[in-house]
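*Asks:*
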Amino acid sequence: MSDSPLQLGLLGTGIAHSLSPWIHGQAALRAGVNFEYHLLETTPEQLPERLKQLRHAGFAGLNLTRPLKSAVLPLLEDLTPLASRAGSVNLLVPGQRGWRGTSSDGAGFLEPLRVRGLEPTRVRLLGAGGAARAVAHALRARWPQVELELSARNPRAARELAQSLPGPAVCHVSHDQLPGRPLDL
């Protein structure tokens, strides 16, 4: 391990309970990486200044959670095509002038399916926030014909997510309206 630890952090609200420090700590131990992982309570209003401060402090990477995954988009130097399509970012790395954003939410969801050889044809996705957007776009990119059923507490967000996807998606306004038909996921 190097002498000077990498500075990493999680930005969002209500993050005191986050398991991210432990999860990243376990991975770092296995990889022999020396780092410090900070939980940095940050609101959308605080985000522009916080990003400047952390870049100046030399942070090597940041994770984002609610409610920042979409709020960060206009503040980024660069955005991967996947994150752009999903309208959601959960990972920032320093760029030449600012921060570059991507999303690992979709890949994180798809990888266990790949490992198990699963190829879903019908999926019900609960939620329409940043992670759900990334997962929906990743599912549709991997399996263009997959039937997606979307259910969220915010009906407008579910409709917007459905409209952002290539191909059809069915929206259910609330969880209590969900049909009891068979699903793969």
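Under my numbering, the first residue of the sequence shown carries the number 31, and numbering increases by one thereafter.
C-beta atoms are modelled at their ideal positions from N, C-alpha and C, and glycine is treated no differently.
What does the alpha-carbon distance come out to for the pair Arg186 and Cys201?
*Replies:* If you number the sequence shown from 1, residue 186 lands on position 156. If you number the sequence shown from 1, residue 201 lands on position 171. Their Cα atoms are separated by approximately 10 angstroms.
*Asks:* State buried or exposed for Lys99, treating a residue as buried only when at least 16 other CB atoms are found within 10 Å of its CB.
*Replies:* In the sequence shown, counting from the first residue as 1, residue 99 sits at position 69. Burial call: buried.
*Asks:* Quick one: any contact between the segment 52-67 and the segment 108-115, if contact means 3 or more CB pairs under 8 angstroms?
*Replies:* no
*Asks:* Just mark Ser181 as buried or exposed, buried being the case when its beta carbon has 16 or more other beta carbons within 10 Å.
*Replies:* By 1-based counting over the sequence shown, the position of residue 181 is 151. The residue is buried, with at least 16 neighbouring Cβ atoms inside 10 Å.
*Asks:* Straight-line CA distance for Leu84 to Glu149?
*Replies:* Numbered from 1 along the sequence shown, position 54 holds the residue referred to as residue 84. Numbered from 1 along the sequence shown, position 119 holds the residue referred to as residue 149. For Leu84 and Glu149, the distance between alpha carbons rounds to 40 angstroms.
*Asks:* In chain order, which continuous runs of the alpha helix (DSSP H) of length 4 or greater are located wholly inside the segment 94-118?
*Replies:* 111-116
*Asks:* Considering only residues of the same chain and omitting the five flanking positions on each side of Ala87, which have a CB-CB separation below 7 angstroms?
*Replies:* Residue mapping note: residue 87 aligns to position 57 of the sequence shown, counting from 1. Counting only Cβ-Cβ distances below 7 angstroms, and skipping sequence neighbours, we find Gln37.
*Asks:* Quick check on Leu148: does DSSP put it in helix, strand or coil?
*Replies:* Counting from 1 along the sequence shown, the entry for residue 148 is found at position 118. Correct three-state label for Leu148: coil.
*Asks:* Distance check for Thr72 and Ile45, CA to CA, integer angstroms please.
*Replies:* For this step, residue 45 is matched to residue 15 along the sequence shown. For this step, residue 72 is matched to residue 42 along the sequence shown. Taking the straight line from one Cα to the other gives about 9 angstroms.
*Asks:* Buried or exposed: where does Arg144 fall if 16 or more other Cβ atoms within 10 Å of its Cβ makes it buried?
*Replies:* As a first step, residue 144 must be located in the sequence shown, where it is residue number 114. Around the beta-carbon of Arg144, fewer than 16 other beta-carbon atoms lie within 10 Å, marking it exposed.
*Asks:* How close, in whole Å, do the beta carbons of Glu141 and Arg127 come, if the pair is a contact with beta carbons under 8 angstroms?
*Replies:* As a working note, residue 141 is residue 111 in the sequence shown. As a working note, residue 127 is residue 97 in the sequence shown. In fact, because the Cβ distance is near 32 angstroms, the residues do not count as touching under 8 angstroms.
*Asks:* In chain order, what residues of the same chain have a beta carbon less than 8 angstroms from the beta carbon of Leu105, not counting five sequence neighbours either side?
*Replies:* Residue mapping note: residue 105 aligns to position 75 of the sequence shown, counting from 1. Within the same chain, Leu105 has close Cβ partners Leu77, Pro78, Leu81, Gly128 and Trp129.
*Asks:* Could you check the C-alpha separation between Ala90 and Ala162 for me, to the nearest Å?
*Replies:* Here residue 90 refers to the residue found at position 60 of the sequence shown. Here residue 162 refers to the residue found at position 132 of the sequence shown. Straight-line Cα distance between these residues: approximately 26 angstroms.
*Asks:* Is Phe89 helix, strand or coil by DSSP?
*Replies:* Along the sequence shown, one-based indexing puts residue 89 at 59. In the structure shown, Phe89 sits in coil (DSSP, three-state: anything other than H, G, I, E or B).
*Asks:* Here's the rule I'm using: 16 or more other beta-carbon atoms within 10 Å means buried, otherwise exposed. How should Asp33 be labelled?
*Replies:* The count along the sequence shown starts at 1 and reaches residue 33 at position 3. Its Cβ having fewer than 16 others within 10 Å, Asp33 is exposed.
*Asks:* Taking just the CA atoms, how far does Glu190 sit from Pro97?
*Replies:* Here residue 97 corresponds to residue number 67 of the sequence shown, with the count starting at 1. Here residue 190 corresponds to residue number 160 of the sequence shown, with the count starting at 1. Between the C-alpha atoms of Pro97 and Glu190 there is a straight-line separation of about 17 angstroms.
*Asks:* Can you list, in chain order, the residues of its chain whose CB lies under 6 angstroms from that of Gly39, leaving out five sequence neighbours each side?
*Replies:* Along the sequence shown, one-based indexing puts residue 39 at 9. Excluding positions up to five away in sequence, the list reads His68, Leu70 and Leu92.
*Asks:* Bridge partners of Phe139, per DSSP?
*Replies:* The residue labelled residue 139 in the question sits at position 109 within the sequence shown. DSSP output for Phe139 lists no bridge partner at all.
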